[in-house]
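See structure below.
Number of protein chains: 2
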Amino acid sequence: MYTLTSIEGGVCAPEGFFADGIAAGLKGGESKDLAFIHSDTLCDVAAIFTTNRFQAAPIRHFQKHGITRSNFVLINAKNANAMTGEKGIDDIEAILSHAQATHPGLSSPVMSSTGVIGVRLPKEKIQKGCERFDLSMRNPDAAAEAIMTTDSYPKQVAFEVVGENGARFRIGAMAKGAGMIDPAMATMLCFVTTDAAVPAEAMKPLLQEAARTTFNAISVDGDTSTNDTVMLFANSRSGAYDPDAFAAALKKVMHELALMIVSDGEGATKCVAFEVTGAASDAEAEIAAKALSDSLLVKTALFGEDPNWGRIASTIGASGVTCDEKSLRITFGNITVYDRGEILFDAETEAKAAKVMRKKAFAIRCDLGVGTGAFTAYGCDLGYDYVKINADYRT
Amino acid sequence: MYTLTSIEGGVCAPEGFFADGIAAGLKGGESKDLAFIHSDTLCDVAAIFTTNRFQAAPIRHFQKHGITRSNFVLINAKNANAMTGEKGIDDIEAILSHAQATHPGLSSPVMSSTGVIGVRLPKEKIQKGCERFDLSMRNPDAAAEAIMTTDSYPKQVAFEVVGENGARFRIGAMAKGAGMIDPAMATMLCFVTTDAAVPAEAMKPLLQEAARTTFNAISVDGDTSTNDTVMLFANSRSGAYDPDAFAAALKKVMHELALMIVSDGEGATKCVAFEVTGAASDAEAEIAAKALSDSLLVKTALFGEDPNWGRIASTIGASGVTCDEKSLRITFGNITVYDRGEILFDAETEAKAAKVMRKKAFAIRCDLGVGTGAFTAYGCDLGYDYVKINADYRT
Numbered sequence: 031m032y033t034l035t036s037i038e039g040g041v042c043a044p045e046g047f048f049a050d051g052i053a054a055g056l057k058g059g060e061s062k063d064l065a066f067i068h069s070d071t072l073c074d075v076a077a078i079f080t081t082n083r084f085q086a087a088p089i090r091h092f093q094k095h096g097i098t099r100s101n102f103v104l105i106n107a108k109n110a111n112a113m114t115g116e117k118g119i120d121d122i123e124a125i126l127s128h129a130q131a132t133h134p135g136l137s138s139p140v141m142s143s144t145g146v147i148g149v150r151l152p153k154e155k156i157q158k159g160c161e162r163f164d165l166s167m168r169n170p171d172a173a174a175e176a177i178m179t180t181d182s183y184p185k186q187v188a189f190e191v192v193g194e195n196g197a198r199f200r201i202g203a204m205a206k207g208a209g210m211i212d213p214a215m216a217t218m219l220c221f222v223t224t225d226a227a228v229p230a231e232a233m234k235p236l237l238q239e240a241a242r243t244t245f246n247a248i249s250v251d252g253d254t255s256t257n258d259t260v261m262l263f264a265n266s267r268s269g270a271y272d273p274d275a276f277a278a279a280l281k282k283v284m285h286e287l288a289l290m291i292v293s294d295g296e297g298a299t300k301c302v303a304f305e306v307t308g309a310a311s312d313a314e315a316e317i318a319a320k321a322l323s324d325s326l327l328v329k330t331a332l333f334g335e336d337p338n339w340g341r342i343a344s345t346i347g348a349s350g351v352t353c354d355e356k357s358l359r360i361t362f363g364n365i366t367v368y369d370r371g372e373i374l375f376d377a378e379t380e381a382k383a384a385k386v387m388r389k390k391a392f393a394i395r396c397d398l399g400v401g402t403g404a405f406t407a408y409g410c411d412l413g414y415d416y417v418k419i420n421a422d423y424r425t
Numbered sequence: 031m032y033t034l035t036s037i038e039g040g041v042c043a044p045e046g047f048f049a050d051g052i053a054a055g056l057k058g059g060e061s062k063d064l065a066f067i068h069s070d071t072l073c074d075v076a077a078i079f080t081t082n083r084f085q086a087a088p089i090r091h092f093q094k095h096g097i098t099r100s101n102f103v104l105i106n107a108k109n110a111n112a113m114t115g116e117k118g119i120d121d122i123e124a125i126l127s128h129a130q131a132t133h134p135g136l137s138s139p140v141m142s143s144t145g146v147i148g149v150r151l152p153k154e155k156i157q158k159g160c161e162r163f164d165l166s167m168r169n170p171d172a173a174a175e176a177i178m179t180t181d182s183y184p185k186q187v188a189f190e191v192v193g194e195n196g197a198r199f200r201i202g203a204m205a206k207g208a209g210m211i212d213p214a215m216a217t218m219l220c221f222v223t224t225d226a227a228v229p230a231e232a233m234k235p236l237l238q239e240a241a242r243t244t245f246n247a248i249s250v251d252g253d254t255s256t257n258d259t260v261m262l263f264a265n266s267r268s269g270a271y272d273p274d275a276f277a278a279a280l281k282k283v284m285h286e287l288a289l290m291i292v293s294d295g296e297g298a299t300k301c302v303a304f305e306v307t308g309a310a311s312d313a314e315a316e317i318a319a320k321a322l323s324d325s326l327l328v329k330t331a332l333f334g335e336d337p338n339w340g341r342i343a344s345t346i347g348a349s350g351v352t353c354d355e356k357s358l359r360i361t362f363g364n365i366t367v368y369d370r371g372e373i374l375f376d377a378e379t380e381a382k383a384a385k386v387m388r389k390k391a392f393a394i395r396c397d398l399g400v401g402t403g404a405f406t407a408y409g410c411d412l413g414y415d416y417v418k419i420n421a422d423y424r425t
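Protein sequences appear in the order of chains A and P. Using my numbering, you'd call the opening residue of the first sequence number 31 and step up by one each time. Using my numbering, you'd call the opening residue of the second sequence number 31 and step up by one each time.
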């Protein structure tokens with residue numbers, strides 16, 4: 031038994047955490063582009079990273095130093111520090127050394143980056159920005175704003191958790207997403223803070239388990255970036271812990287941020303849950319659900335609010351999972367349009383299904399009818415604005 | 031030694047072949063939507079079909095009857111006859127029986143369809159259309175036009191082939207493509223005719239081999255349809271055959287049509303060859319090349335004529351093939367922008383690479399530098415018109 035109560039404060043909601051975001055001149059003008067999260071108590075740290083073979087320099091820096099404890103993460107937007115080789119890591123070392131010299135007490139600081147690939151970091155701008163940080167600031171809104179790239183709004187959540195025996199702790203998080211979001215966790219950064227006394231060795235498995243049905247279940251465009259990162263900082267300041275409550279809270283935090291990211295996909299106007307059931311296995315359900323959330327033809331049909339169930343069927347068939355025309359059932363919201371060989375798509379049903387599709391959020395349910403495997407993937411539509419944003423992102 | 035000479039006549043260029051296309055009222059108005067190809071001599075027939083699990087009724091009809099010899103194929107646009115169950119096959123039987131009754135001499139006629147999924151064929155319209163066919167017509171242009179869906183122009187080619195010992199024969203073909211084109215041969219129909227005396231047992235392997243580097247190497251949107259078909263009709267009327275010359279001619283015909291299809295991808299303005307070399311194996315080169323031709327971020331960068339090499343690198347890294355920042359080389363046309371760890375992307379290089387990207391057709395070359403595997407995939411850009419066409423295709 032546990033309760034989760036939504037609270038304000040984002041990454042600063044847990045005790046002992048500080049954060050801010052400033053304009054360091056990376057985006058230009060007054061736009062915030064450099065953020066930090068700091069804990070006044072040394073944290074256990076765990077992270078999961080992109081599966082892209084060209085992992086960006088900040089990820090390789092984290093791994094090179096085998097970071098397990100830290101009290102500071104520096105995050106910049108506008109430059110991914112990817113494909114920058116050893117020089118990219120040297121740049122991070124120089125920036126973080128400068129930060130440590132400026133702010134005594136930083137322990138094993140780490141860095142995270144998002145933005146354009148293949149350009150060296152503007153080291154001096156970032157160093158000068160770090161000089162301006164006030165580590166006693168509790169400004170989570172500014173931090174969440176600074177890490178945005180093509181996001182249209184900052185993304186943060188926090189919960190107060192009460193578990194067994196009155197164990198009471200907090201968990202907070204911020205994320206950025208928007209483009210290059212893929213089932214395999216694409217350019218998204220997510221930073222989770224907690225004052226729960228979570229055992230260090232439990233942290234990474236908990237992240238991995240929560241990611242499977244949250245960040246790894248969402249897709250904006252099927253591309254997997256060089257920089258994807260989910261980091262968890264736990265400073266144990268509450269002295270409290272309840273494994274079930276913490277696991278549920280972590281999943282809740284990541285689920286809410288994942289849905290925000292997919293709803294705010296580049297040019298997206300809808301968030302759709304693709305619920306696949308009756309598959310031969312959970313793994314096959316996942317393949318089919320992700321094929322649907324990734325399909326360009328499905329995504330453009332969503333944009334056109336067209337209940338084109340033939341594209342749904344075709345995409346499932348193309349995904350290679352076990353399926354049969356005679357056992358498949360396709361439902362938009364609660365409107366079944368194809369039921370085990372029977373096409374139920376008359377004018378009235380089409381009108382009802384089209385009405386479902388005009389909603390901002392809804393489910394497309396596909397029962398494959400061949401087993402008990404299930405998975406839900408989350409996707410968005412693809413409209414003109416996706417093209418506009420991505421045809422001209424770099425310049 | 032052989033020579034291939036481009037000639038007029040499409041599917042009617044080989045001796046003994048007839049074709050026409052008429053308006054049967056499927057598209058509405060005067061638009062041609064029903065075509066046939068007929069041979070006055072019984073043909074050996076081979077076909078390769080979509081890998082989609084929900085193969086359309088015409089494909090299942092072909093397989094049900096184990097067709098190996100035929101002299102007639104009927105092709106309709108606007109309706110895919112997919113997800114229509116046994117009734118879909120019954121409709122084909124009824125239509126083809128009617129055609130046989132109307133045109134004595136049709137032997138094992140087959141059918142092929144493209145269009146919307148999940149709607150029964152308008153059987154009477156197609157039967158009435160068949161009644162109007164004149165099987166002595168040589169009107170390949172009308173046939174190629176009738177099978178179009180969102181294609182912007184009819185696609186046909188023909189060659190006169192002179193091989194060893196003066197073996198002289200012809201090969202012709204027509205195709206439709208445009209949407210749902212994928213490395214795994216998506217909604218595209220292609221019909222190849224030849225008067226070469228090709229051995230029946232050689233036909234399917236030759237089709238499969240030619241498809242690997244042609245129709246299976248192109249991508250418009252990564253979706254694989256329920257209806258994809260390549261059919262080869264050989265009536266041996268020339269009495270001549272040269273295996274090498276025929277194999278080369280078949281590959282040439284399919285390569286030219288494949289490039290037409292990708293250049294005419296829905297909303298496409300460019301045709302780009304993604305040449306991957308230096309991969310650990312040909313199979314890995316194919317994975318990387320197809321990942322590039324399928325990537326939304328790469329496709330939108332092409333549309334924006336933005337030499338965003340970071341997206342090229344990121345996509346290769348995300349594809350999971352063996353690669354290393356220190357051995358990768360990326361070249362736009364002849365302009366190398368990244369060379370084994372060195373970023374060569376200064377203002378001058380960027381301007382040169384951008385100039386390459388403004389061309390209608392060009393190559394993006396990626397040398398992975400880890401082996402000798404190679405593959406070239408062909409893709410197109412993704413612009414506003416793709417969204418426009420696909421957000422509103424069905425209605």
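Even for Gly, the Cβ is constructed at its ideal location relative to N, Cα and C. Note that the coordinates shown come from a computational prediction; the quantities given were computed from them, not determined experimentally.
Min CB distance residue i to chain A below 8 Å
| i | result |
| --- | --- |
| Val146 of chain P | yes |
| Ser311 of chain P | no |
| Gly371 of chain P | yes |
| Thr254 of chain P | yes |
| Val417 of chain P | yes |
| Thr330 of chain P | yes |
| Leu398 of chain P | no |
Proximity test, Cβ basis, 8 Å: residue i and chain P
| i | result |
| --- | --- |
| Asn82 of chain A | yes |
| Val228 of chain A | no |
| Tyr368 of chain A | yes |
| Ala348 of chain A | yes |
| Thr406 of chain A | no |
| Glu355 of chain A | yes |
| Gly340 of chain A | yes |
| Ala319 of chain A | no |
| Phe221 of chain A | no |
| Met113 of chain A | yes |
Residue i in three-state terms, based on DSSP
| i | result |
| --- | --- |
| Ile211 of chain P | In this prediction, Ile211 of chain P scores a pLDDT of 46, lower than 50, which makes its location untrustworthy; the coordinate-derived value is nonetheless stated afterwards. It is coil, neither helix nor strand. |
| Thr345 of chain P | helix |
| Asn195 of chain P | helix |
| Leu126 of chain A | helix |
| Phe333 of chain A | helix |
| Leu219 of chain A | strand |
| Leu136 of chain A | coil |
Proximity winner among the options, relative to residue i (alpha-carbon distances)
| i | options | result |
| --- | --- | --- |
| Asn106 of chain A | A:Asp121, A:Leu237 and A:Lys281 | A:Asp121 |
| Pro134 of chain P | P:Thr144, P:Gly145 and P:Asn101 | P:Asn101 |
| Lys185 of chain A | A:Glu45, A:Gly295, A:Asp70 and A:Ile394 | A:Gly295 |
| Ser166 of chain P | P:Arg388, P:Thr406, P:Ser143 and P:Phe66 | P:Phe66 |
| Arg168 of chain A | A:Ala303, A:Glu123, A:Ser293 and A:Gly51 | A:Gly51 |
| Phe304 of chain P | P:Arg267, P:Asp324, P:Ala384 and P:Thr224 | P:Asp324 |
Segment limits, alpha helix (DSSP H) that includes residue i
| i | result |
| --- | --- |
| Arg90 of chain A | Ala87 to Lys94 |
| Met387 of chain A | Ala377 to Met387 |
| Ile156 of chain A | Lys153 to Glu161 |
| Ala54 of chain A | Looking at the DSSP string, Ala54 of chain A is not in any alpha helix (DSSP H), and its letter there is neither H nor E. |
| Asp171 of chain A | Pro170 to Ala176 |
Element boundaries [beta strand (DSSP E), containing residue i]
| i | result |
| --- | --- |
| Asp70 of chain P | Leu64 to Phe79 |
| Lys108 of chain P | Looking at the DSSP string, Lys108 of chain P is not in any beta strand (DSSP E), and its letter there is neither H nor E. |
| Cys396 of chain A | Ala391 to Asp397 |
| Tyr368 of chain A | Ile365 to Asp369 |
| Leu358 of chain P | Careful: Leu358 of chain P lies outside any beta strand (DSSP E) and carries neither H nor E. |
| Met141 of chain A | Val140 to Ser143 |
| Phe405 of chain A | Gly403 to Cys410 |
In chain order, each alpha helix (DSSP H) run of at least 4 residues that lies wholly inside the stretch 227-264 of chain A: Correct list: 230-243.
Can you list, in chain order, the stretches of the alpha helix (DSSP H) that have 4 or more residues and sit fully within the stretch 256-323 of chain A? Secondary structure remark: continuous alpha helix (DSSP H) runs of at least 4 residues inside the stretch 256-323 of chain A, in chain order: 273-293.
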